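The structure appears below as structure tokens.
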Amino acid sequence: MRIVVLVALSITLLCAALHSQDTEASDAACAQQASGYDPKLLSASPPQLPPDLKKVELTYFEPGCEGECPVFWLTIREGKIHYKGKKFVKVRGSRHAGFSEEDFRKLLQLWNDGKFFAMHDDYCDFRCGNTEVTSLDPRESSTTLALPVGKKTVRECSVDRPTSAHPPDAYFNLQGELRRIAKDHGWL
-7 MRIVVLVALS ITLLCAALHS QDTEASDAAC AQQASGYDPK LLSASPPQLP PDLKKVELTY
53 FEPGCEGECP VFWLTIREGK IHYKGKKFVK VRGSRHAGFS EEDFRKLLQL WNDGKFFAMH
113 DDYCDFRCGN TEVTSLDPRE SSTTLALPVG KKTVRECSVD RPTSAHPPDA YFNLQGELRR
173 IAKDHGWL
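Letter 167 of the sequence shown, counting from 1, is numbered 159 in the numbering used here, and no numbers are missing.
Here it is, written out as structure tokens:
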């Protein structure tokens, strides 16, 4: 009787391990598919920036994590920056500073050159067929460009696992510039 129970238990554990490996492989394949650019959007023409940037706004947001990740917003419009820090930042509260049109155009060029309009909207929670993958407690950020004709947000989660989707490097290039601006002002 004990041998039958041990054999049954061994078979059950083996099946669970194989199922877990299949699920992880399926999640990794799904994450690979959800990474990079959205092929359907790559061939589409992105909206053009208006010559007058008064109604254009670029916002960067880090909502924190379970640990000591910064929580802050950085919004840039022609001529000004608005910062709001909540937790794990050097400066809490709201701050404002001037920002040149030339520097704003450089950031918008990074957006356009990076093909943000062809990126997936969400690299944190995504679905491939019947597979749904959710990142738990990641260090997260989002970047939004608002134009008079609409807006585009790209959400990213910094989780380095095979089952995580990742935006193109262009996302991190712009993210680095936006974080640098906040650091240069002494806010982060």
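Glycine included, C-beta positions come from ideal geometry on N, C-alpha and C.
Bear in mind the structure is a predicted one, so any value in this text is a computation, not a measurement.
Identity of the residue in 91, 125 and 109 nearest residue 176 by Cα | 91
Between residue 72 and the rest of its own chain, which residues show a CB-CB distance below 8 Å, the 5 nearest in sequence each way excluded?
-> 88, 89, 90 and 91
Where do the N-terminal and C-terminal ends of the beta strand (DSSP E) with residue 109 fall, by residue?
-> Segment: none, residue 109 is in no beta strand (DSSP E) and carries neither H nor E.
Residues bridged to residue 49 [DSSP beta-bridge criterion] = 69 and 138
Does the beta-carbon distance from residue 39 to residue 139 come in below 7 Å?
-> yes
Cβ separation of residue 136 and residue 126, assumed to be a contact under 8 Å, to the nearest whole Å | About 21 Å; that fails the 8 Å criterion.
In its own chain, which residues sit with a C-beta less than 7 Å from the C-beta of residue 43, not counting the 5 before and 5 after it?
-> none
Rounded to whole angstroms, how far is the Cβ of residue 34 from the Cβ of residue 157, which I believe are closer than 8 Å?
-> Not quite, the Cβ-Cβ distance comes to about 16 Å (not below 8 Å), so this is no contact.
From 107, 143 and 67, residue whose alpha carbon lies closest to that of residue 36 = 107
When you compare only the Cα positions, how much space is there between residue 162 and residue 105?
-> 8 Å
Are the Cβ atoms of residue 171 and residue 61 separated by less than 7 Å?
-> no
For residue 181, name the three-state secondary structure that DSSP assigns.
-> The question about residue 181 has no answer, for the chain in this structure spans -7 to 180.
Would residue 134 be called buried (16 or more neighbouring beta carbons within 10 Å of its own) or exposed?
-> buried
Determine the DSSP secondary structure at residue 18, reduced to helix, strand or coil.
-> helix
Distance, Cα to Cα, residue 19 vs residue 94?
-> 43 Å
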